[in-house]
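Read through the structure below, which is laid out as structure tokens, and then see the notes.
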Amino acid sequence: MASALSPSAPAQEYLQADLRPADVHAPELRRRQQRIAEIAELIHVASLLHDDVIDDAQTRRGVTSLNNVMGNKTAILAGDFLLARASVSLAALRNSETVVLMSQVLEHLVSGEIMQMTASSEQLLDLEHYLAKTYCKTASLMANSARSIAVLAGVGPEVVDDLLDLTSSSSVLGKPALNDLRSGLATAPVLYAAQEEPQLRPLILRRFKHDGDVALAVSLIERSRGLQRAEELAAHHAKAAADMIRCLPAAQSDHAEIAREALIQITHKVLTRKK
Ligand code: FPP
Ligand code: MG
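10 is the number of the first residue of the sequence shown in this note's numbering; add one for each residue after it.
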């Protein structure tokens, strides 16, 4: 996003890591935007450390999870530490609008997790609730990080408001992966399938807990249009995101053009990626 809004390619020095401590104010725009990327990554990893404790996960991306190696207390504190570093770095940007945006991400992450944990029976079957939860748990970080980078670049509020929509709904698809079903989660394909196959409803409500629930759910989803409809929903949001990129004020450099094309490619990639 920093490149997409940049009037020129960044100087070579910005391709090297910035080794100044996070609490030292970086005056250069590109460095400040890179710090937003670092803050986003710190928040993301912190939320996953906490999530693995909540889910009692044994692995994360194929590697033994921290809670598994060090125990829950250390894993929670490690997440807290990353959040603390992110806060220091955010404060050092000395830009109160980005502090508001990135703090909202924290609020969204926690409320998304709580929405998932405490959903009522009605909410478990409700696609709107699912989308709101998914926005909080996944999209808000992307949306508000992109937005913060635009705020630092000084683009007008009209563009910044569009940017929030651009990224806010890119992760709504989710396949009915066995892992989601096993952990009791009903994603978009499941919810669509349940509209055609009412037999799925009690399974969703008991979070696929009984023996054979997961296998039955898979067969019901397969004979429905759930996957297809979820893919259409994702394609709709991906197209809206790509359209937003095309609506940005005219690019001022080839560098910005290339970055915009890359952002559009991401909208295609999220539809076709296999993992
Ligand atoms: C992965 O969910 C989890 C998240 C994307 C966010 C979790 C948020 C919290 C635990 C709230 C605490 C937040 C902070 C900032 C410390 P998942 O279990 O559906 O996906 P997975 O398969 O990757 O585990
Ligand atoms: Mg998890």
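All residues carry an ideal CB built from backbone N, CA and C; glycine is no exception. On a predicted model such as this, the values are computed, not experimentally measured, just so you know.
{"Asked": "Segment contact flag, the segment 41–50 with the segment 63–80, C-beta cutoff 8 Å, min 3 pairs", "Found": "no"}
{"Asked": "Residues bridged to residue 72 (per DSSP)", "Found": "69"}
{"Asked": "Residue 218 - DSSP class collapsed to helix/strand/coil", "Found": "coil"}
{"Asked": "Neighbour-count burial assignment, residue 217, 16 or more Cβ in a 10 Å radius", "Found": "buried"}
{"Asked": "Cβ pair count under 8 Å reaching 3, the segment 241–250 against the segment 218–230", "Found": "no"}
{"Asked": "Residue 57: CB within 7 Å of a non-hydrogen atom of ligand 1", "Found": "yes"}
{"Asked": "Simplified DSSP state of residue 10, which is helix, strand or coil", "Found": "coil"}
{"Asked": "Interface flag, residue 113 vs chain D, CB-CB below 8 Å", "Found": "Although the question refers to chain D, the structure presented lacks it and comprises just one protein chain."}
{"Asked": "When 225, 116, 106 and 129 are compared against residue 157, the one with the closest alpha-carbon", "Found": "106"}
{"Asked": "Given 8 Å, three or more beta-carbon pairs between the segment 32–47 and the segment 131–138", "Found": "no"}
{"Asked": "Buried or exposed (CB count within 10 angstroms, at least 16 for buried), residue 114", "Found": "buried"}
{"Asked": "Beta-carbon spacing of residue 43, residue 161 below 8 Å", "Found": "no"}
{"Asked": "CB contact flag (residue 11, residue 257, <8 Å)", "Found": "no"}
{"Asked": "Backbone secondary structure at residue 196 - three-state DSSP", "Found": "coil"}
{"Asked": "Contact check, residue 76 vs residue 111, beta carbons under 8 Å", "Found": "no"}
{"Asked": "DSSP state of residue 211 mapped onto helix, strand, coil", "Found": "helix"}
{"Asked": "Distance CB(residue 19)-CB(residue 262) smaller than 8 Å", "Found": "no"}
{"Asked": "Three-pair Cβ contact test at 8 Å for the segment 221–235 versus the segment 186–204", "Found": "yes"}
{"Asked": "Segment limits, alpha helix (DSSP H) that includes residue 189", "Found": "187–191"}
{"Asked": "8 Å contact criterion, which residue 229 and residue 208 should meet: CB distance rounded", "Found": "6 Å"}
{"Asked": "Assigned secondary structure, residue 108 (DSSP; H/G/I helix, E/B strand, else coil)", "Found": "helix"}
{"Asked": "Chain-ordered residues, beta carbon under 5 Å from a heavy atom of ligand 2", "Found": "60 and 64"}
{"Asked": "Residue 147: CB within 7 Å of a non-hydrogen atom of ligand 1", "Found": "yes"}
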